[in-house]
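For reference, the structure is listed below as structure tokens.
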Ligand code: HEM
């Protein structure tokens, strides 16, 4: 009987410890990141030796955000698009 009583006290103590650990553990701090900040970093790519700032275009591109900023994307561009599409990029040239 005494053993059962001791076991009961121990399990109550364990519960109390668990409850206090849960109570005092601070919730992880989450910092909301605005969606615009995720893709607003300036993104410049090179096609056929010319530089394009695609920072705003990368969100509008029908083929999705395929851009690897700071790289020469000529091969990928030409593999997916006719040469005439370069004209559509002219406004982004810097
Ligand atoms: C995996 C690579 C790519 C895929 C799958 C892809 C896919 C597409 C698709 C499906 C379209 C729409 C085509 C249409 O309107 O007939 C498009 C348009 C376009 N893409 Fe890509 N693209 C890729 C890479 C690129 C790259 C590297 C550039 C460089 C800036 C680029 C620039 C453009 C431009 C300027 C347009 C025309 C947008 C417009 O009509 O307003 N694409 N792309």
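In the working numbering, the protein residues as written are 533 to 626.
Glycine included, each C-beta is placed from N, C-alpha and C at the ideal position.
Computed from a predicted model, the values in this text were never measured in an experiment.
(request) Give the secondary structure of residue 625 by DSSP, where H, G and I count as helix, E and B as strand, and everything else as coil. (result) strand
(request) Going by DSSP, name the residue or residues bridged to residue 577. (result) 584
(request) Look at residue 579 and residue 618 and say whether their C-beta atoms are less than 8 Å apart. (result) yes
(request) Assuming residue 583 and residue 625 form a contact by the criterion Cβ under 8 Å, report the distance between their Cβ atoms to the nearest whole angstrom. (result) 7 Å
(request) Just tell me which of 603, 596 and 535 has its CA closest to the CA of residue 612. (result) Nearest to residue 612 by C-alpha distance, out of 603, 596 and 535, is 596.
(message) Please determine whether the Cβ atom of residue 576 lies at a distance below 7 Å from any heavy atom of ligand 1.
(response) no
(request) Determine the extent of the alpha helix (DSSP H) in which residue 674 is found, giving its start and end residues. (result) Since the displayed the chain opens at 533 and closes at 626, residue 674 lies outside it and no answer follows.
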